[in-house]
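See structure below.
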Amino acid sequence: MPDETQTLSPAATAVRTPADSSASRGGKPPAWVLRLVVAGLVLAALNLRPAITSLGALLEEVQNGLHMSGSVAGVLTSVPPLCFAVFGLAAPRLARRFGAAAVVCAGMVAITAGLALRPFAGGTAAFLAASALALMGIAVSNVLMPVIVKRWFPDRIGSVTGLYSMALSLGTAAAAAATVPMTQALGGGWRTGLAVWAALAATAVLPWIPLVRDRGTDTAQAPGTARAAGTAQAPGAARGAAPRVARSRTAWALACFFGLQATGAYIAMGWMPQIFRDAGVPAGTAGVLLAVTMVMGVPLAFVIPRLAARLRTQGPIVLALGLCGLTGYTGLFLAPAAGAWAWALLLGISNCAFPLALTMIGMRSRTGAGVVRLSAFAQSTGYLISIPGPLLVGVLYQHSGGWSLPLALMAGLIVPQMAAGVLAGRDRTIEDEAGMRH
Numbered sequence: 128m129p130d131e132t133q134t135l136s137p138a139a140t141a142v143r144t145p146a147d148s149s150a151s152r153g154g155k156p157p158a159w160v161l162r163l164v165v166a167g168l169v170l171a172a173l174n175l176r177p178a179i180t181s182l183g184a185l186l187e188e189v190q191n192g193l194h195m196s197g198s199v200a201g202v203l204t205s206v207p208p209l210c211f212a213v214f215g216l217a218a219p220r221l222a223r224r225f226g227a228a229a230v231v232c233a234g235m236v237a238i239t240a241g242l243a244l245r246p247f248a249g250g251t252a253a254f255l256a257a258s259a260l261a262l263m264g265i266a267v268s269n270v271l272m273p274v275i276v277k278r279w280f281p282d283r284i285g286s287v288t289g290l291y292s293m294a295l296s297l298g299t300a301a302a303a304a305a306t307v308p309m310t311q312a313l314g315g316g317w318r319t320g321l322a323v324w325a326a327l328a329a330t331a332v333l334p335w336i337p338l339v340r341d342r343g344t345d346t347a348q349a350p351g352t353a354r355a356a357g358t359a360q361a362p363g364a365a366r367g368a369a370p371r372v373a374r375s376r377t378a379w380a381l382a383c384f385f386g387l388q389a390t391g392a393y394i395a396m397g398w399m400p401q402i403f404r405d406a407g408v409p410a411g412t413a414g415v416l417l418a419v420t421m422v423m424g425v426p427l428a429f430v431i432p433r434l435a436a437r438l439r440t441q442g443p444i445v446l447a448l449g450l451c452g453l454t455g456y457t458g459l460f461l462a463p464a465a466g467a468w469a470w471a472l473l474l475g476i477s478n479c480a481f482p483l484a485l486t487m488i489g490m491r492s493r494t495g496a497g498v499v500r501l502s503a504f505a506q507s508t509g510y511l512i513s514i515p516g517p518l519l520v521g522v523l524y525q526h527s528g529g530w531s532l533p534l535a536l537m538a539g540l541i542v543p544q545m546a547a548g549v550l551a552g553r554d555r556t557i558e559d560e561a562g563m564r565h
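This note's numbering numbers the first residue of the sequence shown as 128 and each following residue consecutively.
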């Protein structure tokens, strides 16, 4: 089969980026291109949660400013997983048409625009619309991050996933901790505190611009990729083919695990500061406690994917993280203020189920095409599963007048999360279960 570049005209060949040409030849991209991809992954990851945790730190002020009830605020905290589920479904099709890097670049633009427009909202509807724009960019980027890692770093899935998961945790924690102090320092209201995060999102656009011409999303296209990743092509797999993910029990287990961990994460990001504030903790300290929960993911999000990639099954890690979550929620129920720092630490460890889920997405498929499908299926289905959780917490909080019932719900969801994670962590691939065909 002739090399792809031999079928192009000189003019067409001249405008191809180094990333395009090296990928089409099946060779290793230049070192500067790989460094650019790493920089893009890190900056993108830094911006995948500030839109949510900055709002959590100022939720009470936003409620008062926009005259929201507790139930409406619960709807607001359910918007992120809803947007992630709906818009995440479009990511594979967009990636096939425009390339994964181009879609992520557009996602960073959408995040920037949404965060810049949201503070100027005059009512709840406009606030939700601007938030949805930012969350749309986050949704497609969420799905395509494992795809980009699989494409560019097939032999380093664990370490690169750990790197961008660490950056994601850092961005999450920074927004939670810094939003209230920055709002006070700038002398403005909640609108100022939310607006500043648009500047960080704008910087994440830049590394992706030189990569937008790259169209590759399937690592199976590059010779030797499967060998580099330590796996082989599925028997009878056609080039670019992908398994029917919905036939795979592992895919469903991974979707349930992803959805239940996302439920806990978004409940924490949306409501944890309020839990501490209602227990008598000052607003600034409550934001810092949320930051502590999120910052635990910085070192652990680097360690856990590397450890998971070395194990044949990831069930023991799932169980350890789940036990930390159960202990943290029990502590919040018994002594929310007295043991606040310990509960924040334990729940931060439990939240590292997210990078573990991302790592398992990369490990449960042999091909890049399979990873695209599995990532979209697990994340979109998972986020659909997570939608009722934050809303139900808001309703229970408003009608019960306290946190006993919401905390019981949070703790109860950890049990099925552990069960689904053990099933998803078994040593098998979706190609084996789905019956991949030509």
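Positions of the beta carbon are idealized from the N, C-alpha and C atoms, including for glycine.
Given the structure is predicted, the values throughout are model-derived calculations rather than measurements.
In three-state terms, what does DSSP make of residue 544?
By one-based count along the sequence shown, residue 544 stands at place 417. In this structure, residue 544 counts as helix in the three-state DSSP scheme.
Roughly how many angstroms separate the alpha carbons of residue 409 and residue 155, rounded to a whole number?
The count along the sequence shown starts at 1 and reaches residue 409 at position 282. The count along the sequence shown starts at 1 and reaches residue 155 at position 28. Straight-line Cα distance between these residues: approximately 53 Å.
Distance CB(residue 375)-CB(residue 187) smaller than 8 Å
On the sequence shown, position 248 is the one that residue 375 refers to. On the sequence shown, position 60 is the one that residue 187 refers to. No, Cβ-Cβ distance for residue 375 and residue 187 is not below 8 Å.
Can you name, in chain order, every residue of its own chain whose Cβ lies under 6 Å from the Cβ of residue 508, other than the five neighbours on each side?
Residue numbering aside, residue 508 sits at position 381 when the sequence shown is read from its first letter. Non-local C-beta neighbours of residue 508 in its own chain, meaning closer than 6 Å and more than five positions away in sequence, comprise 382, ordered along the chain.
For residue 438 and residue 463, I'd like the C-alpha separation in whole angstroms.
Looking up residue 438 in the sequence shown gives position 311. Looking up residue 463 in the sequence shown gives position 336. Their Cα atoms are separated by approximately 36 Å.
Kindly say whether residue 514, judged by its beta-carbon, lies nearer than 8 Å to any beta-carbon of chain B.
Protein chains in the displayed structure number just one, and chain B is not present.
Buried or exposed: which applies to residue 169, given that a residue is buried once 16 or more other Cβ atoms fall within 10 Å of its Cβ?
Position 42 of the sequence shown holds residue 169. Counting Cβ neighbours within 10 Å, residue 169 comes out buried, since at least 16 surround it.
Exposed or buried, residue 426, counting other C-beta atoms within 10 Å across all chains shown (16 or more means buried)?
The residue labelled residue 426 in the question sits at position 299 within the sequence shown. Exposed.
For residue 152 and residue 279, what's the separation of their Cα atoms in angstroms?
Your numbering for residue 152 matches position 25 in the sequence shown. Your numbering for residue 279 matches position 152 in the sequence shown. Summary for residue 152: the model assigns pLDDT 42, below 50, so the residue's position carries little reliability; its value from the coordinates is reported in the next sentence. Distance between the alpha carbons of residue 152 and residue 279 is about 14 Å.
Residue 157: buried (16+ other C-beta within 10 angstroms of its C-beta) or exposed?
As a first step, residue 157 is located in the sequence shown; it is residue number 30 there, counting from the start. When all chains shown are included, residue 157 counts as exposed.
Residue from 553, 558, 303 and 330 with nearest C-alpha to residue 496
Taking the sequence shown and counting its residues from 1, one reaches residue 496 at position 369. Out of 553, 558, 303 and 330, 558 has the C-alpha closest to the C-alpha of residue 496.
Count the other C-beta atoms from every protein chain shown that fall within 10 angstroms of the C-beta of residue 178, then say buried if there are 16 or more, exposed otherwise.
In the sequence shown, residue 178 corresponds to position 51, counting from 1. Per the 10 Å Cβ criterion, buried.
Test item: CB-CB of residue 271 and residue 222 under 8 Å
The residue given as residue 271 occupies position 144 in the sequence shown. The residue given as residue 222 occupies position 95 in the sequence shown. Judged by beta-carbon spacing, residue 222 lies within the 8 Å limit of residue 271, meaning their Cβ atoms are closer than that value.
If the criterion is Cβ atoms closer than 8 Å, does the pair residue 396 and residue 183 meet it?
Taking the first residue of the sequence shown as position 1, residue 396 is located at position 269. Taking the first residue of the sequence shown as position 1, residue 183 is located at position 56. Yes, they are a contact pair.
Closest to residue 275 by CA distance: which of 297, 306, 232 and 471 is it?
If you number the sequence shown from 1, residue 275 lands on position 148. Residue 232 is the option with its Cα nearest to residue 275.
Below 8 Å on the Cβ atoms is my guess for residue 214 versus residue 506; work out the distance and round it to an integer in Å.
If you number the sequence shown from 1, residue 214 lands on position 87. If you number the sequence shown from 1, residue 506 lands on position 379. For a cut-off of 8 Å, the C-beta gap from residue 214 to residue 506 is around 10 Å, too long to register as a contact.
Can you grab the Cα-Cα spacing for the pair residue 255 / residue 537, in whole Å?
In the sequence shown, residue 255 corresponds to position 128, counting from 1. In the sequence shown, residue 537 corresponds to position 410, counting from 1. For residue 255 and residue 537, the distance between alpha carbons rounds to 25 Å.
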